[in-house]
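Numbering (this note's numbering), first residue to last: 12 to 230. Cβ atoms here follow ideal geometry from the backbone N, Cα and C, with glycine treated the same way.
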């Protein structure tokens with residue numbers, strides 16, 4: 012079926028219609044962007060201007076009284092305490108921040124030492140002095156025989172020989188409903204016996220340090 016060519020008048024009408032449509036789109040695009048910004052601004056501006064990044068906690072102090080591995084029972088005995096500290100934000104940020112769902116759990120050589128401890132919720136405000144959260148863990152953690160038990164025994168023997176035992180504390184907290192995860196690596200000096208050897212089962216006191224953002228640890 013053949014098609015008849017358009018007349019010059021029809022071609023001009025089509026060109027005019029296309030030009031009008033393009034001009035209308037060009038005029039409406041800024042209006043659409045403006046309306047989108049107007050609608051989203053009330054929810055975005057507080058996040059961009061008022062809310063700070065999640066304040067990373069730090070460990071004000073910690074003490075490791077016991078960390079020993081019983082190969083026959085394939086179990087880790089532990090006694091650890093720490094003081095977590097959340098500081099006020101810098102001037103100009105949101106004046107009040109609510110922290111909920113705060114939980115902390117210690118790990119050694121990839122093994123969680125007991126269940127995570129739930130800590131009380133708190134609110135930070137400028138000039139409020141921050142929040143101090145003491146936490147403690149003690150007990151015996153069963154380690155699956157095999158590769159996991161060998162890894163724990165090897166790590167503990169190596170670190171005792173080096174004179175330092177490192178325990179990782181994972182902290183989870185929701186700031187105004189938004190969750191963040193942090194990891195604190197605590198290094199404790201191994202007390203030496205009278206003969207000068209570093210084979211003591213317990214470790215000493217950690218003098219504090221900040222926590223960095225961490226990949227989520229399930230606990």
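The Cβ neighbour count for residue 171, taken over all protein chains shown within 10 Å, is at least 16; the residue is labelled buried. Assigned with DSSP and collapsed to three states, residue 137 falls in coil, not helix or strand.
The residue among 68, 154, 98 and 161 with its C-alpha nearest the C-alpha of residue 140 is 98. In chain order, 112, 183 and 184 place their CB closer than 8 Å to the CB of residue 190, counting only its own chain and leaving out the 5 sequence neighbours on each side. Each of 166, 78, 107 and 71 was checked against the Cα of residue 146, and the nearest Cα belongs to 71. Residue pairing by DSSP places residue 190 opposite 185 in a beta bridge. An exposed status is given to residue 173, since fewer than 16 other beta-carbon atoms sit within 10 Å of its beta-carbon. In the DSSP assignment, residue 146 falls within the beta strand (DSSP E) that extends over 142–153. Contact between residue 115 and residue 127 holds, since their C-beta atoms are separated by about 6 Å, short of 8 Å.
Per DSSP, the continuous alpha helix (DSSP H) segment holding residue 159 begins and ends at 158–173.
Approximately 4 Å separates the beta-carbon atoms of residue 120 and residue 166; this is inside 8 Å, confirming the contact. The C-beta distance from residue 163 to residue 75 rounds to 15 Å, too long to fall under 8 Å, and the pair is not in contact. Collapsing the DSSP output to three states places residue 112 in a strand.
By the neighbour-count criterion, in which a residue is buried when 16 or more other Cβ atoms sit within 10 angstroms of its Cβ, residue 68 is buried. Cβ-Cβ distances below 8 Å link residue 122 to 87, 152, 154, 159 and 163 in the same chain, with the five nearest sequence neighbours on each side left out; the list follows chain order. When C-alpha distances from residue 223 are compared across 186, 180, 161 and 202, the shortest belongs to 180. Collapsing the DSSP output to three states places residue 92 in a strand.
Here residue 143 is not near residue 109, since their CB atoms are 8 Å or more apart.
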